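S.K.: The structure is given below, and queries will be raised subsequently.
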Amino acid sequence: MYEFKYHRPATVRQAANLLVKNEDAKVIAGGHTLLPVMKQRLASPPHLVDLSHIEGLDGIEMKGRSLVVGATATHHAVATSALVGEAIPALAELAGLIGDPAVRHKGTIGGSLANNDPTADYPAACLALGATIVTNKRRLKPEEFFQGLFTTTLEGDEIITKVMFPVPKKAAYIKFRNQASRYALVGVFVAKRPSDVRVAVTGAGSEGVFRVTAFEEALKKRFSPKALDGLTVPATGLNSDLHGSAEYRAHLIAVLARRAVEAATAKS
Amino acid sequence: MAKISIIVNGNPVNANVDPRTLLVQFLRENLRLTGTHVGCDTSQCGACVVHLDGKAVKSCTTLAVMADGHEVRTIEGLAADGAPLHPMQEAFREHHGLQCGFCTPGMIMTAVDLVHRKGHDLSDHTIREELEGNLCRCTGYQNIVQSIAAGAKAMANSDLA
């Protein structure tokens with residue numbers, strides 16, 4: 057990897073100032089996406105701003121009816137948090153399916169969201185649960201935040217500080233893993249919220265995470281796997297690669313959505 | 003260059019490193035702790051697993067500067083030189099948990115972390131699931147799983163954690 061200058065701010069404000077002062081600086085937390093990309097020289101930021109030592113940025117707490125997860129909370133912390141397990145068990149399960157145990161000890165929710173990998177798991181949870189992504193500047197809905205492949209609406213000096221998840225009535229995430237990379241070939245997050253049902257899909261869309269409104273409407277009428285009988289997703293706009301064709305992914309979405317509804321129903 | 007202070011296997015280490023130095027590079031090349039291996043260098047194979055503040059991490063995907071102020075434990079830190087082996091090491095020897103041995107330090111560090119998280123009575127299924135991030139190219143998993151199950155039990159009766 058190319059040379060860079062390393063900064064370790066103690067507060068989010070300091071971190072943001074460093075980003076303003078140093079053009080092309082990159083934020084690092086767990087480093088499990090950024091470092092591999094830097095090793096391949098696909099990225100060569102002249103400055104790295106390390107958020108992992110900012111106190112209080114990794115907290116997990118309930119605020120009213122929302123579960124609030126700090127940006128530098130690791131996947132391990134979310135997967136094993138009793139609070140998450142009680143409030144939104146599907147989110148704890150999702151975190152426990154990311155990477156492997158050592159990766160989960162380092163990778164963070166904020167890093168995953170800011171990277172917006174089209175096969176990452178957390179974007180599906182945010183979109184389905186209707187999370188609010190809080191930065192040092194504003195609050196963003198997932199629909200505004202996710203802007204396509206590896207693209208978000210985050211500005212150069214903007215840092216995710218926490219993610220607020222309203223607690224759903226029922227939820228489940230079913231992931232069909234790529235056997236080699238263990239990323240989602242397709243992952244479907246279904247959430248029955250007080251006012252509606254949301255179905256979010258990761259791994260399949262050529263523009264990243266998306267919702268399946270036809271499934272949502274059917275499930276809003278009746279939250280049961282049977283409600284999805286005969287419903288399919290068109291293969292247009294889905295990824296096609298050596299791991300699976302667009303048609304295969306479309307098929308998986310319908311299958312996994314049913315399984316997710318089953319799992320969500322079984323849990324409560 | 004960046005100044006770092008890390009406790010490595012219980013000993014304070016101070017150094018001046020290029021910020022792009024990986025933790026695994028620092029351990030192997032600066033400290034000559036060559037028990038930690040570089041396998042894939044892409045955080046997939048687990049040959050480089052060490053404990054950072056007691057948790058298994060891939061040292062090929064951690065910068066040495068990120069470990070500044072923290073504690074690192076490597077395979078060399080499991081048991082003192084010349085002293086009896088750590089129970090997990092002993093179990094790998096007893097159950098032939100290695101063939102070429104390249105993945106072994108990472109396997110053992112992952113196994114010890116697993117015992118710390120999930121206790122001493124581990125099912126084969128749990129062990130296999132937890133070994134997701136450690137690859138053995140000799141495909142000796144059968145004996146590795148046996149070794150970890152036995153090592154986990156032996157750790158319950160050992161002073162070495």
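Here the protein sequences come in this chain order: W and H. In this text, residue positions in the first sequence follow my numbering: the first is 57, and each later residue adds one. In this text, residue positions in the second sequence follow my numbering: the first is 3, and each later residue adds one. Backbone N, C-alpha and C fix where the C-beta goes; we use that ideal spot for every residue, glycine too. Model, not experiment: these values are computed from the prediction.
1) Is Glu134 (chain H) close to chain W? Criterion is C-beta to C-beta, closer than 7 Å.
2) Taking buried to mean at least 16 other C-beta atoms within 10 Å of its own C-beta, is Ser137 (chain W) buried or exposed?
3) By the criterion of Cβ-Cβ separation under 7 Å, what are the contact partners of Ala58 (chain H) in chain W?
4) Among the candidates W:Ala227, W:Lys277, W:Pro174 and W:Ile165, whose CA atom is the shortest distance from the CA of Gln203 (chain W)?
5) Near Ala260 (chain W), which residues of its chain fall below 7 Å by C-beta distance, leaving aside the five closest residues on each side in sequence?
6) Take Met220 (chain W) as the anchor and find which of W:Thr292, W:Val93, W:Glu303 and W:Cys182 has the nearest alpha-carbon.
7) Exposed or buried, what is Pro250 (chain W) when buried is set at 16 or more other beta-carbons lying within 10 Å of its beta-carbon?
8) Taking CB distances under 7 Å as the criterion, tell me whether Leu91 (chain W) reaches chain H.
9) Comparing the C-beta of His131 (chain W) with each C-beta of chain H, is any distance below 7 Å?
10) Between which two residues does the alpha helix (DSSP H) carrying His127 (chain H) extend?
11) At 7 Å on the CB atoms, spell out the chain H contacts of His11 (chain W), in chain order.
12) Which residues of the region 167-185 of chain W have a Cβ closer than 8 Å to any Cβ of chain H? Give them in chain order.
13) Using the three-state DSSP reduction, which class does Arg97 (chain W) fall into: helix, strand or coil?
14) Helix or strand or just coil, what does DSSP make of Leu153 (chain W)?
15) Give me the chain H residues within the contact set of Asp106 (chain W), using Cβ-Cβ distance strictly less than 7 Å, ordered along the chain.
16) Check this for me: beta carbons of Gly152 (chain H) and His97 (chain H), under 7 Å apart or not?
17) Quick one: what does DSSP say Glu117 (chain W) is sitting in, helix, strand or coil?
18) Which residues in chain H sit within 8 Å of Met220 (chain W), going by Cβ to Cβ distance?
19) Starting from the Cα of Asn159 (chain H), find the closest Cα among H:Val117, H:Glu134 and H:Glu31 and give me that residue.
20) Does the beta-carbon distance from Phe60 (chain W) to Pro92 (chain W) come in below 7 Å?
21) Following the continuous alpha helix (DSSP H) through Glu3 (chain H), name the residue where it begins and the one where it ends.
22) By Cβ distance below 8 Å, which residues in the same chain neighbour Arg337 (chain W) in space, the five residues on each side in sequence not counted?
23) Since Asp126 (chain H) meets chain W, which of its residues come closer than 7 Å, beta carbon to beta carbon?
24) Identify, in the order they occur along the chain, each residue of the same chain with its Cβ nearer than 7 Å to the Cβ of Leu100 (chain H), setting aside the five sequence neighbours on each side.
25) Secondary structure at Asn159 (chain H), three-state DSSP: helix, strand or coil?
26) For chain W, is any of its Cβ atoms less than 7 Å away from the one on Val51 (chain H)?
M.R.: Working from what's here:
1) Here residue 134 (chain H) refers to the residue found at position 132 when the second sequence is read from its first residue. Interface residue, yes.
2) Counted from its first residue, the first sequence places residue 137 (chain W) at position 81. The residue is buried, with at least 16 neighbouring Cβ atoms inside 10 Å.
3) Taking the second sequence and counting its residues from 1, one reaches residue 58 (chain H) at position 56. Within chain W, the residues near Ala58 (chain H) are Pro157, Ala158 and His161.
4) Taking the first residue of the first sequence as position 1, residue 203 (chain W) is located at position 147. Cα-wise, what sits closest to Gln203 (chain W) is W:Pro174.
5) Taking the first residue of the first sequence as position 1, residue 260 (chain W) is located at position 204. The residues are Val242, Leu294, Asn295, Arg305 and Ile309.
6) Sequence index remark: in the first sequence, residue 220 (chain W) carries index 164 (1-based). Measuring from the Cα of Met220 (chain W), the nearest candidate turns out to be W:Cys182.
7) As a working mapping, residue 250 (chain W) is identified with position 194 in the first sequence. Exposed, since its Cβ has fewer than 16 Cβ neighbours within 10 Å.
8) For this step, residue 91 (chain W) is matched to residue 35 along the first sequence. So, interface residue.
9) Taking the first sequence and counting its residues from 1, one reaches residue 131 (chain W) at position 75. So no, His131 (chain W) is outside the interface.
10) Counting from 1 along the second sequence, the entry for residue 127 (chain H) is found at position 125. That run of the alpha helix (DSSP H) goes Asp126 to Glu132.
11) Residue 11 (chain W) lies beyond the range of chain W shown here (57 to 324); nothing can be said about it.
12) none
13) One-based indexing of the first sequence puts residue 97 (chain W) at position 41. Reduced to three states, the DSSP call for Arg97 (chain W) is coil.
14) For the purposes of this step, residue 153 (chain W) is taken as the residue at position 97 of the first sequence. If DSSP states are grouped into helix, strand and coil, Leu153 (chain W) belongs with coil.
15) For the purposes of this step, residue 106 (chain W) is taken as residue 50 along the first sequence, with counting starting at 1. Within chain H, the residues near Asp106 (chain W) are Met68.
16) Looking up residue 152 (chain H) in the second sequence gives position 150. Looking up residue 97 (chain H) in the second sequence gives position 95. Reading off the sequence, residue 152 (chain H) comes out as Ala, not Gly. In contact: Ala152 (chain H) and His97 (chain H) (Cβ atoms closer than 7 Å).
17) Residue mapping note: residue 117 (chain W) aligns to position 61 of the first sequence, counting from 1. In the structure shown, Glu117 (chain W) sits in a strand (DSSP, three-state: E or B).
18) Along the first sequence, one-based indexing puts residue 220 (chain W) at 164. Within chain H, no residue comes near Met220 (chain W); the closest Cβ sits about 27 Å away, beyond 8 Å.
19) By one-based count along the second sequence, residue 159 (chain H) stands at place 157. It is H:Val117 whose Cα lies nearest to the Cα of Asn159 (chain H).
20) Counted from its first residue, the first sequence places residue 60 (chain W) at position 4. Counted from its first residue, the first sequence places residue 92 (chain W) at position 36. Taking 7 Å as the Cβ cut-off, Phe60 (chain W) and Pro92 (chain W) do not qualify as a contacting pair.
21) By one-based count along the second sequence, residue 3 (chain H) stands at place 1. What sits at residue 3 (chain H) in the sequence shown is Met, not Glu. Per DSSP, Met3 (chain H) belongs to no alpha helix (DSSP H) and is neither H nor E.
22) Residue coverage of chain W in this structure runs from 57 to 324, which leaves residue 337 (chain W) outside it and unanswerable.
23) As a first step, residue 126 (chain H) is located in the second sequence; it is residue number 124 there, counting from the start. Under the 7 Å cutoff, chain W gives no residues; its nearest Cβ is about 17 Å from Asp126 (chain H).
24) On the second sequence, position 98 is the one that residue 100 (chain H) refers to. Counting only Cβ-Cβ distances below 7 Å, and skipping sequence neighbours, we find Phe94, Thr106 and Gly142.
25) Along the second sequence, one-based indexing puts residue 159 (chain H) at 157. Coil at Asn159 (chain H), not helix or strand.
26) Mapped onto the second sequence, residue 51 (chain H) falls at position 49. So, interface residue.
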